[in-house]
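A short worksheet on the structure shown next.
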Amino acid sequence: MTTGLQITTPTDTTIVLARSFKAARRLVWEAMTSPDKMKRWMLPPPGLTLSVCEVEPRVGGTLKLAWKSADADPVMTLHGEWTEFAPHERMVHTETMTAGTGEIVVSLVETHEFTETGGVTHMRITQTYRSKEDRDGALAGGVDEGMEACYRELDAVVAL
Amino acid sequence: MVSGDRSPRLDLVFHALAHPARRAIVRQLSLGERNLTELASPLKMTFPAATKHVRVLEGAKLVRRRIVGREHLCRLQPEPLKEAMQWTGSFRAHWEARFAALDSVLDDMQVEEQAPAKRKAP
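Sequence order for the protein chains is A and B.
Note that the first sequence covers residues 1 to 160 in this note's numbering.
Note that the second sequence covers residues 1001 to 1122 in this note's numbering.
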């Protein structure tokens, strides 16, 4: 069974993440909308910890996340608002990432869609960015941390 | 931040890797230099077909060919692969890690749901 993550870029400003989970749709929904569960799977970027996770899962409700490091608190905050909320099926929220300095890093809209077949939930997240530059920045973001691991993996298969 | 959004070089790399035979050739070459016959035979491919795929890989600078006598020796050039991984690697790694964590959260939730039922049993 394929549960693997599929990442596609159907348009210049979107990224689609598709993944299946071996669990009922209502459980996936709960895990993605309740702070105690979100804290456990929304892993922070390397070196950061999630310091704030407040969500009001309903239309007009807000979403607030913040990350801190040993040196700075917050390093990054995420503010958003739900514009659609159809339990177990579909939710849409805005998302603005702000650096600790107050500078807005990126704004996007995230659409989450869920279907269930035979006890397996198929999730599709569409991230819509304001420009191709923002979208490509998100795809490339954090590359420095990820690079080392990629290089090690590559070095193992390629005789340099 | 990686530039590469409009890189014709990266386009060539992704195009070259978008064929199973060419990925098989890259995998073989990751083990060392091979001649065209050695590349063609495990793929059950004719010599001209293998040559065609190697040309695409050469165009993307993933493979370098040198001719020694009558042999065409092919060697993998990993730099463009590194660039391609740099462009895609981290975003994917980040989300794969998150969703793997979500898998285990869901496992726990399923166990928790079943637990009270078990406790009710005499």
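Note that CB positions come from ideal geometry on N, CA and C, so glycine has one too.
- Across the structure, residue 1103 of chain B and residue 121 of chain A are spaced so that their CA atoms are roughly 11 Å apart.
- Fully enclosed alpha helix (DSSP H) runs of no fewer than 4 residues occupy 1020-1029, 1036-1040 and 1047-1059 of the stretch 1011-1099 of chain B, in order along the chain.
- The beta-carbon of residue 1011 of chain B is placed no less than 9 Å from the nearest beta-carbon of chain A.
- At a cut-off of 9 Å, the C-beta of residue 1015 of chain B has no neighbouring C-beta in chain A.
- Look at the beta carbons and you see the stretch 5-22 of chain A not touching the stretch 58-71 of chain A: under three pairs across the two are nearer than 8 Å.
- Residue state for residue 75 of chain A is assigned as coil, using DSSP reduced to three classes.
- Between residue 73 of chain A and residue 51 of chain A, the gap from beta carbon to beta carbon is short of 9 Å.
- Contact check for residue 85 of chain A against residue 25 of chain A fails: the beta carbons are separated by 9 Å or more.
- Contact between the stretch 1044-1063 of chain B and the stretch 1005-1021 of chain B is present, with at least three C-beta pairs closer than 8 Å.
- According to DSSP, residue pairing for residue 20 of chain A in a beta bridge involves A/122.
- Ranked by how close their Cα comes to the Cα of residue 27 of chain A, the residues B/1114, B/1115 and B/1110 have B/1110 in first place.
- The DSSP-derived three-state label of residue 1115 of chain B is helix.
- Straight across, the Cα-Cα distance linking residue 1068 of chain B with residue 1093 of chain B is about 42 Å.
- For residue 19 of chain A, the number of other beta carbons within 10 angstroms of its own is at least 16, and it is reported as buried.
- Within chain B, no residue has its beta carbon less than 7 Å from that of residue 64 of chain A; the closest one is some 18 Å off.
- For residue 32 of chain A, the enclosing alpha helix (DSSP H) covers residues 25-33.
- Residue contact with chain B for residue 95 of chain A: absent (no Cβ-Cβ distance below 9 Å to any residue of chain B).
- If you ignore the 5 residues before and after residue 1114 of chain B, its C-beta comes within less than 7 Å of no other C-beta in its own chain.
- Counting along the chain, no beta strand (DSSP E) covers residue 140 of chain A; the unbroken alpha helix (DSSP H) around it starts and ends at 132-140.
- Against chain B, the CB of residue 114 of chain A has no partner CB under 9 Å away; the residue lies outside that interface.
- Taking residue 92 of chain A as the centre and dropping the five residues before and after it, the same chain places the C-beta of 83, 84 and 111 closer than 6 Å to its C-beta, in chain order.
- In the three-state DSSP reduction, residue 1009 of chain B falls in the helix class (H, G or I).
- By the criterion of a C-beta distance shorter than 6 Å, residue 1032 of chain B is surrounded by no residue of its chain, once the five residues flanking it on both sides are discounted.
- Counting C-beta atoms within 10 angstroms of its own C-beta, residue 135 of chain A has 16 or more neighbours from the protein chains shown and is therefore classed as buried.
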